[in-house]
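Inspection log for the structure reproduced underneath, given as structure tokens.
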Ligand SMILES: *Cc1c(COP(=O)(O)O)cnc(C)c1O
Ligand SMILES: [Zn+2]
């Protein structure tokens with residue numbers, strides 16, 4: 170719809186202007202820094218940042234029902250820069266002019282309700298939000314659209330030139346970073362560091378295809394992260410890990426979309442998501458908090474962060490009920506099918522600690538919970554979801570296994586409507602499914618396939634046929650007719666079909 174065709178009262182709000190007064194705020198010492206420069210950690214104390222809009226209170230002057238209409242009408246506007254995460258520009262990028270926005274189709278992923286059979290099996294009403302439908306097939310694109318739009322803005326205003334973007338990755342950050350950097354070539358180039366043999370072949374193919382320099386490093390993600398941190402401290406590079414606070418801002422769009430898809434009614438809702446480096450849960454908490462503070466939503470949903478028992482530092486930290494007694498200790502990770510979340514020392518832990526406290530206080534009760542699940546449960550629930558019409562990745566399976574655990578512990582009640590984050594596309598993790606089907610998991614995974622969930626292709630070669638078609642020698646005439654008849658008959662017998 171064209172701008173002039175919208176109701177008069179909404180027109181002035183539809184296309185957001187550059188506003189806000191955004192700074193990096195250190196979570197350690199509280200110092201604030203100008204955003205004219207790319208900064209990742211505090212020069213004074215070394216802690217991580219969050220971006221803060223010092224003029225945020227201006228957003229509270231707009232009544233909540235007007236906000237609802239602004240976002241709902243924006244849905245109908247054919248302006249690429251507002252079609253993705255920047256539908257919520259005022260909340261996640263008020264200082265970025267729309268002509269600097271990079272839009273590659275990210276955001277507004279589908280929320281699909283589970284079928285009655287699966288809801289009965291789990292004992293809860295729930296949806297999958299399919300964040301694998303983003304352009305590089307994971308939620309990381311939300312944060313990358315934000316970080317690269319900001320870099321693009323700096324490049325255009327000549328505050329930056331010839332950017333080398335780098336990141337460490339469990340596979341999806343590098344795929345996303347390489348994709349967005351490629352869109353901005355030749356001004357922006359990318360280099361990614363991956364733990365050797367700890368990303369799937371599909372994930373490795375992605376940055377290679379986008380033309381990034383790809384470096385494989387011995388060890389696990391946490392080792393790669395240290396190397397990237399050393400590079401970003403000593404050299405002129407743009408760090409694209411979620412340590413970069415712009416990533417967090419973009420990822421907040423996930424919460425805003427869910428609020429909008431529920432017509433801003435967040436009562437009796439619960440969000441379940443996997444935790445790795447803890448950037449995603451930081452963003453989801455922060456997003457709901459901001460909408461709540463402005464009055465766009467009247468309830469803060471429950472948020473349940475899930476970790477595999479093979480990579481569970483956040484779960485362990487919160488296992489101690491007395492806040493003063495909690496001590497954060499990194500863990501040594503073990504192999505996990507939720508490989509994208511296989512992180513022992515999450516960079517965003519200080520953000521999580523601060524935001525969880527604020528969130529629970531504002532909610533007036535405990536609203537954030539942490540659950541632990543076994544590898545077996547992740548795989549079994551992932552396949553069960555996919556057998557019921559979903560296309561969840563293994564991390565999506567982790568979300569579903571987490572919901573089952575949360576039900577068991579009474580965190581999710583019978584009136585709660587649940588949204589599970591399926592953080593990536595199932596195709597990226599197809600090899601784990603194949604390992605399950607073929608019972609090939611090395612012992613460390615602790616996964617024994619259930620017969621009822623296994624599957625395999627069956628080659629049909631009817632007996633008594635000496636001539637079979639091939640690419641080099643196609644069959645013709647009677648031979649071909651005989652082949653078609655016999656093969657159809659063999660399949661019909663397998664399927665016990667009646668004629
Ligand atoms: C990165 C990633 C995670 C973990 O998210 P964090 O923000 O690191 O906690 C989970 N699932 C997938 C598919 C990912 O790519
Ligand atoms: Zn500091």
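Numbering (the numbering used here), first residue to last: 170 to 668.
Virtual Cβ for every residue (Gly too), placed ideally from N, Cα, C.
It should be emphasised that the depicted structure is a prediction, and the values quoted were computed from it without experimental measurement.
When 391, 655, 261 and 417 are compared, the shortest CA-CA separation from residue 189 is found for 261. Rounded to the nearest angstrom, the gap between the Cα atoms of residue 579 and residue 476 is 18 Å.
Between ligand 1 and residue 450, a heavy atom-to-CB distance of less than 7 Å is present.
In terms of CA proximity to residue 403, 212 leads the group 656, 631, 205 and 212.
In this chain, residue 372 is not harboured by any beta strand (DSSP E); it is covered by the alpha helix (DSSP H) spanning 370-378. For the pair residue 440 and residue 473, the CB atoms are nearer than the 8 Å cut-off. A contact between stretches requires three or more CB pairs, one per stretch, nearer than 8 Å, and the stretch 606-615 fails this requirement with the stretch 380-387. Along the stretch 203-257, the beta strand (DSSP E) occurs as fully enclosed runs of 3 or more residues at 218-222, listed in sequence order. By the criterion of a C-beta distance shorter than 7 Å, residue 238 is surrounded in its chain by 179, once the five residues flanking it on both sides are discounted. Rounded to the nearest angstrom, the gap between the Cα atoms of residue 182 and residue 357 is 33 Å.
One alpha carbon belongs to residue 375, the other to residue 327, and they sit about 30 Å apart. Membership of residue 457 in any beta strand (DSSP E) is not indicated; the residue belongs instead to the alpha helix (DSSP H) covering 448-463. With 16 or more neighbouring CB atoms inside 10 Å of its own CB, residue 520 falls in the buried class. Spanning the alpha carbons of residue 209 and residue 556 requires a straight line of approximately 42 Å.
Here the stretch 265-280 lies against the stretch 314-329, with 3 or more beta-carbon pairs under 8 Å apart. Taking the C-beta atoms as reference points, residue 314 is found no nearer than 8 Å to residue 333.
For residue 182, the secondary structure class from DSSP, reduced to helix, strand or coil, is helix. Taking all protein chains in view, the Cβ of residue 275 is crowded by 16 or more other Cβ atoms within 10 Å, so the residue is classified as buried. Taking residue 545 as reference, the option from 595, 428, 601 and 517 with the minimal CA-CA separation is 601. Its Cα nearest to that of residue 177, the residue 235 stands out among 186, 220 and 235. DSSP, read as helix, strand or coil, puts residue 658 in helix. Secondary structure at residue 403: helix, using DSSP grouped into helix, strand and coil. When rounded, the separation of the alpha-carbon atoms in residue 304 and residue 429 is 21 Å. According to the DSSP assignment, residue 443 belongs to the beta strand (DSSP E) that extends over 438-443. Residue range 280-282 is occupied by the beta strand (DSSP E) that includes residue 280.
Close CB contacts of residue 346 within its chain, under the 7 Å cut and outside five residues either way in sequence, are with 313, 334, 336, 359, 361 and 409 (chain order).
For residue 529, the enclosing alpha helix (DSSP H) has its first and last residue at 518-532.
Under the three-state reduction of DSSP, residue 290 is assigned to helix. Judged by the Cβ position, residue 446 qualifies as a neighbour of ligand 1 at the 7 Å threshold, a heavy atom of the ligand being closer than this.
Residue list for ligand 2: 195, 197, 198, 200, 211, 213, 214 and 216 (CB closer than 6 Å to any heavy atom, chain order). Here the alpha carbon of residue 201 sits roughly 49 Å from the alpha carbon of residue 604. Contact between the stretch 494-512 and the stretch 531-540 is absent: fewer than 3 CB-CB pairs across the two stretches fall below 8 Å. The alpha carbon of residue 306 has as its nearest neighbour, out of 343, 219, 285 and 231, the alpha carbon of 343.
Counting C-beta pairs closer than 8 Å gives three or more between the stretch 293-303 and the stretch 551-568, which meets the contact rule. Nearest neighbour of residue 250 by Cα position, chosen from 273, 632 and 414, turns out to be 273.
Secondary structure note for residue 319: its alpha helix (DSSP H) is the uninterrupted segment 309-325.
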